[in-house]
Amino acid sequence: MAPYHQHLFNVRIDPAIDGHSNSFVYSDSVQMPWDNRLNPLGTGYVTKESTVNRAGPVEDSLKDGRVFKIVNQNVENPVSHTPTGYKLVPIRSQMLLAQPGSWHWRRSDRDYTNQSPGGHGIKSWVKGRDYVVDDDIVIWHSFGFTHNPRVEDFPIMPAEIAQFHLKPYNFCQYNPANDVPPSSQAFNKSILYEDAEPNGTKELSETGSEVNGKVKDKPNGTDEGACCKKSYIARWLIPIGIASKSRITSTVL
1 MAPYHQHLFN VRIDPAIDGH SNSFVYSDSV QMPWDNRLNP LGTGYVTKES
51 TVNRAGPVED SLKDGRVFKI VNQNVENPVS HTPTGYKLVP IRSQMLLAQP
101 GSWHWRRSDR DYTNQSPGGH GIKSWVKGRD YVVDDDIVIW HSFGFTHNPR
151 VEDFPIMPAE IAQFHLKPYN FCQYNPANDV PPSSQAFNKS ILYEDAEPNG
201 TKELSETGSE VNGKVKDKPN GTDEGACCKK SYIARWLIPI GIASKSRITS
251 TVL
């Protein structure tokens, strides 16, 4: 069995939401106090939004349902009348357990941690507390796994899955999937596919009919005999760019 240990990662996010003048904000959902007029049933809550003004760490808050957003305060969504943006759905995980000042804590502040004496990483970059509102910002999303080994990890450890998301937040004017056409045989033109012949794979013509005539197109665009329908996939381009930086202005999550 291996000793207790951690796997820590960070993802560099270099956004360009409707341009490079972006800001990093977070929004908390907080309870409303009892009020005979505004909250008579005690079920109301409001959102409280804060803008990160200076480079540095930003803590998560599960109890507040904290939502992190990258916004362009200079571009307004015509529907919501709020800044266009994307939200970061983070991987919520335990952070470094090593004590501040320890060797592991110091070596994490470097490009190549296995050879690092510390002093040239994210912690050092944000010490200057740069102003990061309406600027060409960089967000570092830090996350990890605390691995307390188990018998099932030996001899081959199963995979651990980590996902984070960047989702439009008042960026579009409507759900971009609204104009996906309905699935119909007239549009899909699906055909029945049969297993390969013993002497090889069947050759299909461009119309879907087999060259030897055994598989034929369905009349009048019907789906009779079709095993399935092709799905029409609408591709939505995510406008987040990657750019080089001459000056690093970082926000650590």
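The UniProt record's numbering applies: residue 1 is where the sequence shown begins, and numbers increase by one. Note that CB positions come from ideal geometry on N, CA and C, so glycine has one too. Given the structure is predicted, the values throughout are model-derived calculations rather than measurements.
By the C-beta density criterion, Tyr26 is buried, having at least 16 other C-beta atoms within 10 angstroms. Between the stretch 162 to 171 and the stretch 42 to 57 there are fewer than three inter-stretch CB-CB distances shorter than 8 Å, so the stretches are not counted as touching. In this structure, Phe143 is the residue among Phe143, Gly128 and Asp134 with its C-alpha nearest to the C-alpha of Leu97. Apart from the 5 residues on each side of it in sequence, Asn72 sits with its Cβ closer than 7 Å to the Cβ of Ile17, Asp18, Gly19, Ser21, Asn22, Pro83, Thr84 and Gly85 in its chain, given in chain order. The continuous stretches of alpha helix (DSSP H) do not include His20, and DSSP gives it neither H nor E. The stretch 5 to 16 and the stretch 140 to 154 touch, with no fewer than 3 CB-CB distances between them shorter than 8 Å. The alpha-carbon of Arg150 is positioned some 45 Å away from that of Gly42. Look at the stretch 38 to 89 and you find these whole runs of beta strand (DSSP E), each 3 residues long or longer: 45 to 51, 67 to 76 and 83 to 89. Non-local C-beta neighbours of Ser93 in its own chain, meaning closer than 6 Å and more than five positions away in sequence, comprise Phe143 and Gly144, ordered along the chain. For the set Phe24, Ser184, Asp195 and Tyr193, the Cα lying nearest the Cα of Thr51 is the one of Phe24. Asn77 and Tyr174 have their alpha carbons spaced roughly 11 Å apart. Residue burial annotation: Phe68 is buried, with at least 16 other C-beta atoms found within 10 angstroms of its C-beta. DSSP lists Lys87 as the beta-bridge partner residues of Lys167. Judged by their CB atoms, Pro90 and Phe164 are nearer to each other than the 7 Å cut-off.
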